[in-house]
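This report refers to the structure that appears directly beneath it.
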Amino acid sequence: MHLQVVALLLCFHQFVLKSIMEFIDVLFPINLGPLTYRCPLHLIDRAIPGMLVSAPLKKKITKGLILGRSTCPATNEIKDIIEIHGESPLIGEPLLQLLDWMADYYLASKGLVLKNMLPGEAFIRVKPRKGSSRQKIHPDISLLDVDEKILSGIKASISEKEYRTFLIHAPTSSHELSCLMKIVEWHKGVIILVPEIAHINHIVPVIRELAGERLCILHGRLSKGRRSEAIEKILSGEGNIVLGTRSAIFAPLKSVSMIAVMHEHNSSYKQEDGLRYNGRDIAVMRGYLEKSTVVLSSICPSIESFYNAKRGKYTLIRPDISVKRPRIKIVDLRHEKRLGPNLSKTVIDASAACIKKDERAMFLINRRGYSMLQCRDCSHIETCQKCNIPLIFHKEDKSLRCHYCGSISTVSDICRRCSSFSIELIGGGTQRIEEDIKKLLGIEPVRLDSDKIRKKVELEGIHEMIRAEAIIIGTKLLTKRIFETGEFAMAAVLNTDMNLHLPDFRSTEKTYHELLSVSEKIRSDGKLFIQTWMPQNYLFRFIKNYDYSGFCDEELARRKKMSYPPYSKLAIITFKGRDYDDEKVRGVVKRMADLEILGPSLSFSKKGQKEYTLLLKTPSKKKLHSAVMEFLKMFEGYKDLKVSVAIDP
DNA sequence: AGCACGCCGACT
DNA sequence: GTCGGCGTGCTC
Numbered sequence: 025m026h027l028q029v030v031a032l033l034l035c036f037h038q039f040v041l042k043s044i045m046e047f048i049d050v051l052f053p054i055n056l057g058p059l060t061y062r063c064p065l066h067l068i069d070r071a072i073p074g075m076l077v078s079a080p081l082k083k084k085i086t087k088g089l090i091l092g093r094s095t096c097p098a099t100n101e102i103k104d105i106i107e108i109h110g111e112s113p114l115i116g117e118p119l120l121q122l123l124d125w126m127a128d129y130y131l132a133s134k135g136l137v138l139k140n141m142l143p144g145e146a147f148i149r150v151k152p153r154k155g156s157s158r159q160k161i162h163p164d165i166s167l168l169d170v171d172e173k174i175l176s177g178i179k180a181s182i183s184e185k186e187y188r189t190f191l192i193h194a195p196t197s198s199h200e201l202s203c204l205m206k207i208v209e210w211h212k213g214v215i216i217l218v219p220e221i222a223h224i225n226h227i228v229p230v231i232r233e234l235a236g237e238r239l240c241i242l243h244g245r246l247s248k249g250r251r252s253e254a255i256e257k258i259l260s261g262e263g264n265i266v267l268g269t270r271s272a273i274f275a276p277l278k279s280v281s282m283i284a285v286m287h288e289h290n291s292s293y294k295q296e297d298g299l300r301y302n303g304r305d306i307a308v309m310r311g312y313l314e315k316s317t318v319v320l321s322s323i324c325p326s327i328e329s330f331y332n333a334k335r336g337k338y339t340l341i342r343p344d345i346s347v348k349r350p351r352i353k354i355v356d357l358r359h360e361k362r363l364g365p366n367l368s369k370t371v372i373d374a375s376a377a378c379i380k381k382d383e384r385a386m387f388l389i390n391r392r393g394y395s396m397l398q399c400r401d402c403s404h405i406e407t408c409q410k411c412n413i414p415l416i417f418h419k420e421d422k423s424l425r426c427h428y429c430g431s432i433s434t435v436s437d438i439c440r441r442c443s444s445f446s447i448e449l450i451g452g453g454t455q456r457i458e459e460d461i462k463k464l465l466g467i468e469p470v471r472l473d474s475d476k477i478r479k480k481v482e483l484e485g486i487h488e489m490i491r492a493e494a495i496i497i498g499t500k501l502l503t504k505r506i507f508e509t510g511e512f513a514m515a516a517v518l519n520t521d522m523n524l525h526l527p528d529f530r531s532t533e534k535t536y537h538e539l540l541s542v543s544e545k546i547r548s549d550g551k552l553f554i555q556t557w558m559p560q561n562y563l564f565r566f567i568k569n570y571d572y573s574g575f576c577d578e579e580l581a582r583r584k585k586m587s588y589p590p591y592s593k594l595a596i597i598t599f600k601g602r603d604y605d606d607e608k609v610r611g612v613v614k615r616m617a618d619l620e621i622l623g624p625s626l627s628f629s630k631k632g633q634k635e636y637t638l639l640l641k642t643p644s645k646k647k648l649h650s651a652v653m654e655f656l657k658m659f660e661g662y663k664d665l666k667v668s669v670a671i672d673p
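Position 305 of the first sequence, counted from 1, bears residue number 329 in my numbering, the numbering being contiguous throughout.
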């Protein structure tokens, strides 16, 4: 009897010890690493990674995610968690692995990654409402017949439940969509990514037809309520076909069989602030972790994806279909008669012929406003004092505007540099083109570039606004929002060179993508005019014949020569703040002998603050990481210095 | 001395 | 994100 009591006491002692020893790591959706808490014994059974938990944080009870068991940390004060919510984890093992991978790869805290993965609304569980999906009127999309043989590999891969990535190089956008719909048809646990919200609205009718109530839409502009609803629908298992933008790649689906990334070359998949990730790359990684099939598709795949397909990392699917496309005419501005800045006679003659036949034409120019101001005597161009870039004259209110920082000033008659009174308007933006066209063709064009239409257009597309117009003038903004193909008899891209001159190793690739996208808006028997001062640029050789593979090969050869991605890994480090120490940065740069560093170069933020940027170029991911880490360590503890890193910029 | 305000660092 | 600590500066 005595022995039994002792045994019982011993047992109790063990029990107490054990309960004291149960520690768990909790992650909050804030820029912070995991924190260790004690888990009361009665909750320990449910302390599974991915579970939603309430815990005290700074005198407040905050919701976070359990990451796993932990050991007693060195800190003196360890708090108890309050409660564990629900019966099953909010996110599963693959997403937790993805979280770890992202924190590691993008050199960010796990908390910041979590914040991006699950918006605040995910932490507030709601009861889903039913039948609340709004119906909008959209133009019908007709799908093409697709030869299903070319997709059999994808279908097999999905049923095998093994990771594999395919790259569909589609002949046209509607072919791209049609292929995808054929794949989605039979499966559940699907994520479809599109670059922008307008794309969602465009294809929603088609996908709803396939998915019905299983369809879930996810994007950054959803209201809190709608987002909670969508997330709840996904968690309940009812919503298993997710259509969304970048952040939808984190949709907490229980199982994922296929992830599709449409228009995979599109740069909107890159998040440019906060955690700088690329949704397309995350899609491939999530596919790998979920053992699912990834389908990247585009009419002009990114050079990186093309390269991955070339060396067998992805399986390339290229439907053997010949498509009649508009003819491309390269207009050599060096030898052309010009009827205004940025307007060649060739283009004007062609559009006049267009109007005669009652057909429609589109003019594209990547500059808003009327023109720039240049001094005749000293050729000084008026620039923004803060940003150091040319100011643009806006005729309607006679203002001078900086298109970078948005500052507005008045026009001065006197040259800032030499005090001459002889100032002229040079170059032309959309406003100037509008005026010139009106003069030359005697027709009132519609100009689409103002900020007024931007928001509306972002969500609803532009089709309604341009339906009846003969001549349309716009910026890049315009083409991105036209989804209907073959609307115009001709298009003229007036200042292609501006794109090509951008200080970006992807500028030629991007220009190809933009021009091809414009060509899709033109009828197959129409014409695309591309004005340039440098027709010898290799881009034109390839695009003339729509030879994208040829272009990719050439581009890859050039990237290899210059060791740019995909033949190297890049990171950009930016320094902001008063404590920037140029000598120290240059010193660190000197010591890092085995990698290439460009800069530091000075630029200005929109608030006019100085920013110094460094471009790091390394042969491998490992080297890139260690170099970046060294920089971060070096400037730890500098008070007024913000160092931020962009991996794979 | 007493308090308002703003900045900054830490959060288990 | 957001709370408390601390410094600054103004007022009673």
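Quick reminder that beta carbons are idealized off the backbone N, C-alpha and C, glycines included.
Computed from a predicted structure; not experimentally measured.
Give the single residue among the options whose Cα lies nearest to the Cα of residue i.
i      : options                           : result
Gly336 : Leu142, Thr189 and Pro97          : Thr189
Ile273 : Gly236, Asp521, Val137 and Leu175 : Val137
Glu511 : Met522, Ser543 and Thr520         : Ser543
Gly144 : Lys631, Ser247 and Leu465         : Ser247
Leu640 : Ile597, Asp605, Glu660 and Ala127 : Ile597
Val180 : Lys87, Asp69, Val318 and Leu299   : A quick correction: the sequence has Ala, not Val, at residue 180. The candidate whose alpha carbon is nearest that of Ala180 is Val318.
Ile182 : Thr196, Ser198, Gly213 and His193 : Gly213
Ser650 : Val669, Leu665, Gly661 and Tyr662 : Val669
Asp521 : Gly550, Thr556 and Leu502         : Thr556
Val612 : Lys206, Pro624 and Asp603         : Pro624
Arg211 : Phe445, Glu184 and Gln409         : Before going on, a small fix: residue 211 reads as His here, not Arg. Checking every option, the nearest Cα to that of His211 belongs to Glu184.
Phe628 : Asp603, Arg62 and Cys408          : Cys408
Please classify residue i as buried or exposed, where buried requires at least 16 neighbouring CB atoms within 10 angstroms.
i      : result
Gln560 : exposed
Gln455 : buried
Ser156 : Since pLDDT at Ser156 reaches only 47, below the 50 mark, its modelled position is unreliable, and the value read off the structure follows with that caveat. Looking at its Cβ environment, which holds fewer than 16 other Cβ atoms inside 10 Å, Ser156 is exposed.
Ser513 : Before going further, note that residue 513 is Ala rather than Ser in the sequence given. Its Cβ being crowded by 16 or more others within 10 Å, Ala513 is buried.
Pro80  : exposed
Lys476 : In this prediction, Lys476 has a pLDDT of 45, which is less than 50 and means its spatial position is unreliable; what the coordinates show is noted afterwards. By the neighbour-count rule (16 or more Cβ atoms within 10 Å), Lys476 is not buried but exposed.
Pro527 : exposed
Gly57  : exposed
Tyr562 : exposed
Thr434 : exposed
Ser368 : buried
Ala385 : buried
Met653 : exposed
Ser260 : exposed
Short check: CB of residue i to CB of residue j, under 8 angstroms?
i      : j      : result
Leu397 : Ile389 : no
Ser166 : Lys348 : no
Tyr536 : Ile567 : yes
Val280 : Glu314 : yes
Ile680 : Met75  : There is simply no residue 680 to check, as the chain begins at 25 and stops at 673 in what is shown.
Leu175 : Val208 : no
Leu552 : Pro350 : yes
Arg441 : Cys399 : yes
Lys534 : Asn519 : no
Ile495 : Ile546 : no
His109 : Ser133 : no
Thr642 : Leu619 : yes
Leu449 : Ser395 : yes
Leu320 : Leu191 : yes
Leu472 : Gly430 : no
Ile105 : Val50  : yes
Ile379 : Ile467 : yes
Specify whether the region 320 to 329 and the region 239 to 256 touch according to this definition: at least 3 beta carbon pairs, one from each stretch, less than 8 angstroms apart.
no
Quick check: the region 278 to 296 against the region 206 to 226, are at least 3 beta-carbon pairs closer than 8 angstroms?
yes
Between the region 111 to 131 and the region 299 to 312, can you find at least three pairs of beta-carbon atoms closer than 8 angstroms?
yes
Check whether the region 600 to 614 touches the region 561 to 581, counting contact only when three or more Cβ pairs, one atom from each stretch, lie closer than 8 angstroms.
no
Contact between the region 259 to 272 and the region 94 to 104 is defined here as three or more beta-carbon pairs at a separation below 8 angstroms; is this criterion met?
no
Could you say if the region 624 to 634 and the region 258 to 267 meet the contact criterion of at least three C-beta pairs nearer than 8 angstroms?
no
Jot down the residue ranges of each uninterrupted alpha helix (DSSP H) in the region 79 to 131, minimum 4 residues, whole runs only, in chain order.
117 to 129
May I have a chain-ordered list of the alpha helix (DSSP H) segments no shorter than 4 residues that lie completely inside the region 415 to 471?
454 to 465
Residue ranges of each alpha helix (DSSP H) run of no fewer than 4 residues wholly in the region 348 to 380, ordered along the chain?
369 to 380
Which parts of the region 204 to 277 are runs of the beta strand (DSSP E), unbroken and 3 residues or longer, counting only runs that do not cross its ends?
214 to 217, 239 to 242 and 265 to 268
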